[in-house]
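Since the structure comes first, as structure tokens, the remarks are kept for the end.
There are 2 protein chains.
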Amino acid sequence: MEEREETATTYDASRYDRPSVTVDVVIFTLIERELHVLLVQRKRWPYEGHWAIPGGFINMDESLEQAARRELEEETGVRDLYIEQLFTFGDVGRDPRTRVISVAYIALVRFDAQHLRVSDESHDVRWFPVSALPRDLAFDHEQILAFAVSRLRSKLEYTTLAFQLLPELFSILELKHTYEQILGEELDKGNFYRKIKEAGLLEETTQMREGRGRPTRLWRFKHDRAGDKQFVFRWREDRAGNTK
Amino acid sequence: MEEREETATTYDASRYDRPSVTVDVVIFTLIERELHVLLVQRKRWPYEGHWAIPGGFINMDESLEQAARRELEEETGVRDLYIEQLFTFGDVGRDPRTRVISVAYIALVRFDAQHLRVSDESHDVRWFPVSALPRDLAFDHEQILAFAVSRLRSKLEYTTLAFQLLPELFSILELKHTYEQILGEELDKGNFYRKIKEAGLLEETTQMREGRGRPTRLWRFKHDRAGDKQFVFRWREDRAGNTK
DNA sequence: TGTAATAGTGTTTAATGTACACTATTTTAG
DNA sequence: CTAAAATAGTGTACATTAAACACTATTACA
């Protein structure tokens, strides 16, 4: 980390001119069975009027993750949810104002009444379906967002991450639908039932939900298992990367 | 990324007091069939005399990856090798001097005569076996290193990364040994032969190498396939995370 | 009462993983 | 010169998992 020839306590500010460090948070949620992401509309130069990933400068007295959580809470009012560092973007020209290094995070939130303040359509903050993003995102945010979606997909294959997007109680087919939304491909119903049950991640409840056809049983995620160990199972029905 | 309420071109330096940004590079190599990592011994406060991961401040005119490559070249004289961003560490108290945010990278180099300057034992730069690291690394470098090893392991399971550590020509059992070194577990010889051949990643050469027993055929990695697409295959012989 | 709609189960076959026994070709000890 | 040790490499059988898809179940509603 530290330059070996540098003196201990003094800095030559002109020599060690410092970049700005920001934290950007790509916030995902599921709205009406579709994966959405939160964007904010910029009010000033540069990229005035363009949509951007929410973020801000870090404070000197908070860790990166704390900064990301603060940002998340400022935008959505949500605390204590799943958050994970994605990547740090630091190319020279990515912000026309000055050198900016952005530590990007991914957050997953459950969409419910809590974040009404976001769903206000007249506001400069809005949820967009991942399949229908606005054009010309600010800065390199298109790249960041694409990377976030890609990471979300690949993590889904070996973690229990999808549960973060669902409410407390859900049906197995809703869970399957969530996987399909994120993976962007269809999964076999029978195989999904079998795998998810064998995994032992779910706790059956006595509750049912009625709809158009046969009522469905509701399940709950076993949280004890989650923290337990890095639980892993694979969902993809084709062997990844089969280069024939 | 950008604070939405901030003005466009001016900064209040006292308000937006900036952290320092460094790049640390965890450099791995294989020496005598064992995985090693490069560390430097600190000459000054803080952590004087302790070993640390090599790194330094970024320049304002280089990208993060450029900074990491520069650092790698300064320490080992090696260019154009495998390098990958690991994680960004930014806890508040990790450096007693000032707020420091470190973007950590992993690099893999082939150990050969090129980096003699590193193998000089009297120097303050030295290769350590991953299995026998020095005590009391500087800063939070123990944590960074542990994370780097863990990442290396998990990436090995689905990438062709091990080839970066081997010379141009190698035997299949050497490759197997490399996998075993990094994974920290034994692999079945027969299964390894079969899988690596089926994968079609290797190019047979006419060269053999003689040793104590039967001579071994040497192979070369097909580089055309590597860039091709994110080639994936799995090595672990147990299903990962099988929590029975 | 029967059809649409949704939920959920079972079964068959193919692919892959795992263990381990076997053969092959060299050096070296006696 | 020959047998044993050392290393390289192949083959095979069994278990496990994946994938496709046909089937049954339970509700609302026409």
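These protein sequence lines are chains S and F, in that order.
Sequential numbering of the first sequence, starting at 1, is according to this note's numbering.
Sequential numbering of the second sequence, starting at 245, is according to this note's numbering.
From the three backbone atoms N, C-alpha and C, an ideal C-beta is built for every residue, glycine too.
Asked                                                                                                                      : Found
CB contact below 9 Å: L427 of chain F versus chain S                                                                       : no
The segment 70-80 of chain S / the segment 44-58 of chain S touching (three or more Cβ pairs under 8 Å)                    : yes
Residues near D261 of chain F in its chain [Cβ-Cβ closer than 7 Å; skip 5 each side]                                       : none
CA-to-CA distance, S398 of chain F to N191 of chain S, given in whole angstroms                                            : 26 Å
Best match in F:P373, F:A382 and F:M304 for proximity to R338 of chain F [C-alpha to C-alpha]                              : F:A382
Beta bridge counterpart(s) of I271 of chain F as assigned by DSSP                                                          : F:A351
Chain-ordered residues of the segment 309-341 of chain F with a beta carbon less than 7 Å from chain S                     : Q329, F331, T332, G334, D335, V336 and R341
Under 9 Å by beta carbon: chain F residues contacting I106 of chain S                                                      : Within 9 Å Cβ-Cβ: nothing; I106 of chain S doesn't reach chain F, min ~14 Å.
T206 of chain S: first and last residue of the uninterrupted beta strand (DSSP E) it sits in                               : L202 to R209
CA-to-CA distance, M208 of chain S to L202 of chain S, given in whole angstroms                                            : 15 Å
Positions along the segment 255-284 of chain F whose CB lies within less than 7 Å of some CB in chain S                    : Y260, D261, R262, P263, S264, V265, T266, D268 and V284
S264 of chain F burial status per 10 Å Cβ neighbour count (16 or more: buried)                                             : buried
A484 of chain F classed as buried or exposed, judged by whether at least 16 other C-beta atoms fall within 10 angstroms    : The pLDDT assigned to A484 of chain F is 32, lower than 50, so where the model puts this residue is not dependable, and the model offers no usable value.
Delimiting residues of the beta strand (DSSP E) encompassing V37 of chain S                                                : E34 to Q41
Residues that E306 of chain F contacts on chain S, provided the C-beta gap is smaller than 8 Å                             : V92
Reference V26 of chain S, options S:V103, S:Y179, S:K176 and S:A107, closest by Cα                                         : S:A107
Contact check, S102 of chain S vs T178 of chain S, beta carbons under 9 Å                                                  : no
Chain F within 9 Å of R110 of chain S, Cβ atoms only                                                                       : no
Stretch-stretch touch, CB-based, cutoff 8 Å, three pairs: the segment 56-71 of chain S with the segment 141-151 of chain S : no
Reference V37 of chain S, options S:V109, S:F89, S:A104 and S:F87, closest by Cα                                           : S:V109
Of the residues S:R33, S:K195 and S:Q85, the one placed nearest L152 of chain S, counting alpha carbons only               : S:Q85
R397 of chain F at chain S interface by Cβ criterion, 9 Å                                                                  : no
Nearest-angstrom beta carbon gap, A162 of chain S and L175 of chain S [assumed within contact, 8 Å]                        : 7 Å
Beta-ladder partner(s) of Q329 of chain F, from DSSP                                                                       : F:Y349
Y538 of chain F burial status per 10 Å Cβ neighbour count (16 or more: buried)                                             : Lying outside 245 to 488, the shown extent of chain F, residue 538 of chain F is not represented and no answer is given.
Close beta carbons around R343 of chain F, own chain, < 6 Å, minus the five adjacent residues each side                    : P263
Interface partners of V347 of chain F on chain S, CB under 9 Å                                                             : T88, G90, I101 and V103
For A52 of chain S, the residue or residues it bridges with in DSSP                                                        : S:V40
Same chain, Cβ closer than 7 Å to F355 of chain F, five either side skipped, listed in chain order                         : T273, L274 and I275
Neighbour-count burial assignment, W219 of chain S, 16 or more Cβ in a 10 Å radius                                         : buried
Chain F contact for I58 of chain S (CB, 9 Å cutoff)                                                                        : yes
Alpha-carbon spacing of P459 of chain F relative to S415 of chain F, whole angstroms                                       : 10 Å
The beta strand (DSSP E) enclosing T216 of chain S, as first and last residue numbers                                      : T216 to F221
Local Cβ density within 10 Å of E204 of chain S, reported as buried at 16 or more and exposed below that                   : exposed
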